[in-house]
Amino acid sequence: MKKYTKYAPQTAVVAFVLLLTGVLYLSEGDMMWLAQEQSLWLPTKPFLNSMMRLPGGLLLWLSCWFTQLLYHPWTGSLALLLLWSITLLGVHRLFRPQGWMRLLSLLPVIALVATVTQNGYWIYYMKMPGLLFVPSLGTALAVVIACMVRSLPGNRWLRLCAIVFTGFVTYPFMGAWSFLSVVLCCQSLCELAAAASIIAVAPLIYYRTMYAETMLKYMWSTALPSYRNGDHTYFWPYHAPYYGLLLGFLLCWLSRWSEALTGARYKRLPVLLALAAVAGYSAALYKMWYRDTNFSKEIRIQLAMEERDWERVLRIYREKPSAWGHKEMPVTRIMVMCKNVALLRLGRAGDEMFTYQDGAELQHAPFPVKMTQVGGKMIYYEVGKENFCTRWNMEDAVEFGWRVSHLKYMTKAALVEGDWGVAAKYLRLLEKTMWHGDWARKYKPFVGEKKKCWDDEELGFIMRLLPGTDRLDGDKTLVELYLLQTFSHGMGADKNYAELTLMCALIMQDIELFWPRFFRYAQLLGDQRMPTHYQEAAYLYGNLEPGKVDISGMPFDESVKRTYYDFCNFNQQLGPNMSEAEKAVRFRPAFGKTFYYFYFLVRNVKTN
Amino acid sequence: MSRLTNLLLSLVLLSACTAKLPTEYSETSAPLTVYPDYIGVTVPCNMAPLHFSIENEGDDFVTLLYAGDERLLLSGRDVCPSPAQWQRLVSKGDICVRVFIEQDGKWTAYQPFPVYVSPDSIDPYISYRLISPSYVAYENLTLQQRCLENYDEQLIYGNMINSPEEDGQCINCHFTQCGNPERFQFHVRQGMGGTVIAMDGSINKMDLKVDGAVSGGVYPAWHPTEKLIAYSTNKTGQSFHTKHLNKIEVQDTYSDLILYDVEANTVHPLECDSNDLDCFPAWSPDGRWLYYCSAHYEQQDTSITRDEDVIRSFRTLRYNLYRRPFDPATLSFGGRQLVYDAESDSLSATEPKISPDGRWLMFTRGAYGVFHIWHGDADLCLIDLSDSTLTPRPASQLNSDNVDSWHSWSHDGRWVVFSSRREDGNYTRPFFAHHDGNGHFSKPFCLPQDDPSYHRDLLFSYNVPEFMSGRVTFSPQEIAECVKKEAKKAKK
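Protein chains in written order, with our numbering: chain D, 1 to 608; chain Z, 1 to 492.
Right, here's the structure in full:
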């Protein structure tokens with residue numbers, strides 16, 4: 001029995017780390033997929049050069065390579081587990097905690113898990129490449145280097161030299177993480193003073209001699225993420241895990257004096273304190289873990305759209321966690337737009353577009369999330385606004401660095417537009433990535449083949465939505481508003497284009513815009529049945545402005561007419577004194593899935 | 001760091017150079033494709049080795065390069081002669097390249113192709129800006145200098161050294177006085193804005209915006225002998241095509257010309273008619289003429305803003321080439337003379353540059369507009385100034401199906417470097433061509449790189465390539481210190 005209890009602390013530590021990795025794997029697959037889509041690693045000289053121009057470049061380059069592994073959550077989780085295991089082993093070797101004090105070695109790992117799970121929409125907005133791996137890889141490398149230096153034999157001067165040498169040599173490759181390695185090397189106050197000197201001086205020397213593409217003040221924080229958006233740095237709570245990491249190491253270091261500090265009388269106190277520290281860290285991790293259903297749904301919808309699985313888009317849109325019960329779950333505008341694109345592709349927009357929950361929930365981020373930087377580029381691609389898709393991908397690539405998603409969407413936009421040269425360039429780059437080669441090989445045959453593109457289910461559909469004529473324009477970063485205004489004023493000869501203009505005219509709730517597009521769509525529809533929402537709009541507008549268009553000869557469904565009269569009667573029953581907001585609630589059960597409801601009771605939907 | 005990478009790469013390449021010429025092979029007349037396309041190009045004798053990659057399918061590759069009695073055999077898809085090997089070949093004259101490709105155990109010899117070697121050496125450096133072909137956003141911008149005799153690329157100045165996260169900084173228009181690296185200027189916009197001017201060992205930041213001017217200096221032209229810089233002043237806007245592959249339209253709503261006296265720190269207005277959009281000044285080599293382009297614009301619809309009106313009429317705004325005589329002694333200009341009436345051809349002519357012998361005027365011509373780097377139809381054209389008819393003709397040997405623009409003459413006029421998007425339509429690359437002095441050019445070739453696929457992998461454009469006779473010796477940190485200083489206000 002004693003034999004087993006002897007290993008109980010180690011077992012507990014390993015089990016806890018495995019548990020954390022398991023939870024990460026099971027709950028963050030979507031986020032991991034997004035993180036690798038929002039990253040890029042290329043085995044090319046320009047890519048390596050672009051990383052190495054800053055201190056810490058090699059660490060960033062390696063982190064980008066590791067980020068590729070997130071394409072499959074299990075490979076990504078295993079890679080993180082490997083780095084955390086190295087950190088754990090290193091901490092044990094460096095600080096040699098005994099017994100249950102070994103639990104303290106969990107603290108740095110818990111902090112590192114938080115650096116992975118706290119990000120949410122920051123993944124789109126972070127300028128530092130390899131965000132999810134830099135802290136774990138930087139820490140693992142720092143610990144390994146410290147173990148190696150500490151294992152050097154020799155006298156005090158040799159050790160001091162080794163620390164100084166380590167600081168100078170590792171800084172260009174690891175940036176600020178080299179500071180951690182030199183501090184972890186130290187075993188005495190004298191060594192700590194040497195380490196502090198190196199930390200103060202090395203960046204300065206490198207700034208004067210080697211690196212001319214970063215400000216002096218950033219030389220001490222290079223390869224550390226900056227949670228900055230616009231003019232504001234979001235220091236708290238995003239930097240907390242990094243301080244937690246340092247505190248964790250400090251507590252591990254202090255653990256060697258635990259018994260001396262507490263004395264034999266309070267023998268169990270250090271263990272209890274260690275347990276409390278682990279519990280506190282775990283609670284903080286739980287609190288900081290970014291959980292948002294819409295964030296996850298947006299990612300899954302994006303993936304479903306890329307796989308052209310439109311039914312899955314609608315299924316995800318409708319999904320509701322059981323905790324919501326009968327309550328309606330708020331949706332973001334980008335989700336609404338994706339839903340409408342899916343319905344257009346399925347040919348069911350006219351019957352279903354108002355049957356889904358509508359809304360304008362803002363993304364749960366500490367800063368305003370712009371549609372151009374989240375899903376807007378994808379929407380632009382899907383509706384034939386290829387220059388705008390290209391533009392916003394390029395703007396983002398410039399501001400946040402090149403990512404797989406930029407290359408993919410710019411490739412597809414180039415294929416739709418017939419910009420063959422640049423499509424071939426991006427495909428060649430994507431072929432060099434770890435997982436996106438198949439994607440590139442799928443689209444490669446389309447380069448230079450306009451007819452093949454036209455005949456393709458994905459590309460051909462979008463090519464038919466391209467604007468008929470060219471003009472100069474701008475979206476002022478408001479994707480939805482721009483598309484609504486553009487399409488609701490458009491007039492196309494293609495049936496899908498005509499339907500898109502009609503959908504937008506309905507959403508704009510504009511009678512003048514509606515009729516010409518309705519007639520054009522009806523003309524292209526031929527003998528097929530006019531979808532319900534379009535009938536509802538025609539019936540409503542015909543009754544609202546009887547003199548404008550004579551609807552008496554139109555073959556409306558009986559249900560359309562009946563619903564309209566029921567709607568009017570219900571409105572009269574409720575009386576004139578009821579507010580619109582109250583009416584919206586009362587009308588919703590019976591009429592919430594009609595255009596009538598949308599026209600009269602959906603107001604002030606704000607887009608981002 | 002990049003030098004270390006180069007050294008390692010060279011060692012790997014050298015170790016791979018153990019090729020054997022196949023003894024049995026069949027001949028083929030099938031086309032050989034190499035990247036970059038160096039087939040039949042003319043290179044200066046002092047150029048870095050041309051490294052290229054064989055594009056044809058194959059399992060093994062052997063390339064024989066020979067010139068006179070000098071032979072070099074290299075194996076592999078990438079053909080990368082070392083500088084010493086290249087110099088031995090070049091010293092013997094024109095180089096012949098023969099490629100052997102093995103497929104399914106059988107060797108095939110392709111028809112040899114020549115690389116002509118010109119005894120006219122090229123200026124040893126070019127400068128350029130590396131920038132993403134972006135629209136509005138900018139982040140990491142660098143002014144670089146590249147030695148053409150090897151592959152060394154060095155930073156002149158990068159904006160990130162002075163760009164705190166809350167305030168970006170755009171840098172552009174690096175120009176020298178006739179390629180002299182001791183005298184250069186570039187602009188800094190937004191954060192720490194001003195014009196950095198280096199002159200014979202000193203470097204200063206100036207504010208060239210004077211009262212009543214459209215802007216500070218924009219497109220510069222150093223006087224060839226005097227300490228004078230002519231600038232255009234521009235109020236520029238961008239709009240986006242909804243469909244066209246040109247993607248973006250950059251237009252001026254106002255633009256004039258000014259003359260800046262560097263020593264006196266004074267700005268003299270030159271062309272200030274708000275109905276004329278004047279741009280891209282360029283001096284004749286004797287400094288007695290100032291060439292520029294100009295479009296006549298009158299607002300068509302007064303119910304909208306001038307900016308909106310310019311946007312609406314973007315396809316009809318066309319620029320002609322003009323010149324004005326200049327007397328350096330009095331700093332005075334004569335009246336303007338029309339050099340090329342492009343508008344009458346329904347075309348737009350911009351970016352005039354005169355060859356150092358004063359005979360050839362090279363310019364960019366497109367269907368409309370001023371910012372031809374975004375116009376796929378933009379081509380380089382020539383006017384023989386010794387011919388009184390001043391008839392323009394396309395520089396056909398230089399032009400491609402895509403953008404060809406932003407050109408610069410070497411100090412002796414024997415070489416031109418220009419920006420071309422012929423590779424992929426989006427990313428600008430510097431191309432070089434030999435000029436025979438009579439308006440004829442050799443087939444252009446792309447800036448050689450040690451890694452043949454470098455330009456395919458690079459996601460930056462080369463912006464405004466200009467020849468330099470040497471290296472800028474100010475360090476980026478020294479320039480950064482200057483940029484940090486308050487700009488000295490120019491006087492009117």
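All C-beta atoms, glycine included, are put in the ideal place defined by N, C-alpha and C.
Taken in chain order, the complete beta strand (DSSP E) segments of 3 or more residues contained in the segment 76-163 of chain Z are 95-103, 106-110, 113-118, 125-131, 142-147 and 153-158.
DSSP places Z:His372 in no beta strand (DSSP E); its state is neither H nor E. Contact residues of the segment 124-137 of chain Z toward chain D are Ser132, Pro133, Ser134, Tyr135, Val136 and Ala137 (C-beta to C-beta distance below 8 Å). Contact of Z:Ser239 with chain D is assigned, a C-beta pair being separated by under 8 Å. Residues of the segment 149-160 of chain D with a Cβ closer than 8 Å to any Cβ of chain Z: none.
Among the CB atoms of chain D, none fall inside 8 Å of the CB of Z:Asn399. Going by DSSP, Z:His455 is part of the alpha helix (DSSP H) stretching over Tyr454 to Asp457.
When Cβ-Cβ separations below 8 Å define contact, Z:Gln477 makes contact with chain D. Between the segment 101-108 of chain D and the segment 54-74 of chain D, the count of C-beta pairs closer than 8 Å stays below three; the two stretches do not touch. Scanning chain D for C-beta atoms nearer than 7 Å to the C-beta of Z:Glu166 yields Asp231, reported in chain order. The C-beta of D:His533 has 16 or more other C-beta atoms within 10 Å across all chains shown, which makes the residue buried. The Cβ atoms of Z:Ala230 and Z:Pro281 sit closer than 8 Å to each other.
Among the CB atoms of chain D, one or more fall inside 8 Å of the CB of Z:Leu245.
For Z:Phe314, the nearest CB of chain D lies under 8 Å from its own CB, placing it at the interface with that chain.
According to the DSSP assignment, Z:Cys279 belongs to no alpha helix (DSSP H) but to the beta strand (DSSP E) extending over Asp276 to Trp283. Residue contact with chain Z for D:Lys444: absent (no Cβ-Cβ distance below 8 Å to any residue of chain Z). If you draw a straight line from the Cα of D:Leu54 to the Cα of D:Lys297, it comes to about 36 Å. Contacts between D:Arg471 and chain Z, judged by CB atoms closer than 7 Å, involve Thr242 in chain order. In this chain, D:Glu306 is not harboured by any beta strand (DSSP E); it is covered by the alpha helix (DSSP H) spanning Thr293 to Glu306. D:Ala584 and Z:Arg429 have their C-alpha atoms spaced approximately 59 Å apart. Between the segment 268-287 of chain Z and the segment 232-242 of chain Z, the count of C-beta pairs closer than 8 Å reaches three or more; the two stretches touch. Listed in chain order, the positions of the segment 382-394 of chain Z with a beta carbon within less than 7 Å of a beta carbon of chain D would be empty, since no residue qualifies.
A residue is called buried when at least 16 other Cβ atoms come within 10 angstroms of its Cβ; Z:Gln190 does not meet this threshold and is exposed. The shortest CA-to-CA distance from Z:Tyr254 to any of Z:Thr108, Z:Pro164 and Z:Val370 is the one to Z:Val370. Z:Tyr322 is outside the set of residues whose beta carbon lies under 8 Å from a beta carbon in chain D.
The beta carbon of Z:Met47 sits no closer than 8 Å to any beta carbon of chain D. DSSP, read as helix, strand or coil, puts D:Cys64 in helix. Think of a sphere of 7 Å around the beta carbon of D:Ala397: the chain Z residues whose beta carbon falls inside it are Ser132, in chain order. DSSP places Z:Glu27 in the uninterrupted beta strand (DSSP E) bounded by Ser26 to Thr28. With a contact defined as Cβ atoms closer than 8 Å, Z:Asp120 and Z:Arg414 qualify at about 4 Å. Within the segment 463-492 of chain D, the residues whose Cβ lies closer than 9 Å to any Cβ of chain Z are, in chain order, Leu466, Pro467, Gly468, Thr469, Asp470, Arg471, Leu472, Asp473, Gly474, Asp475 and Thr486.
The Cβ atoms of D:Asn340 and D:Met503 sit closer than 8 Å to each other. Z:Thr33 and Z:Ser420 have their alpha carbons spaced roughly 20 Å apart. Under the 8 Å criterion on CB atoms, Z:Met206 is classed as non-interfacial with respect to chain D. When Cβ-Cβ separations below 8 Å define contact, D:Phe173 makes no contact with chain Z. With contacts defined as CB atoms closer than 8 Å, D:Phe388 and D:Asp470 fail to qualify as a contacting pair.
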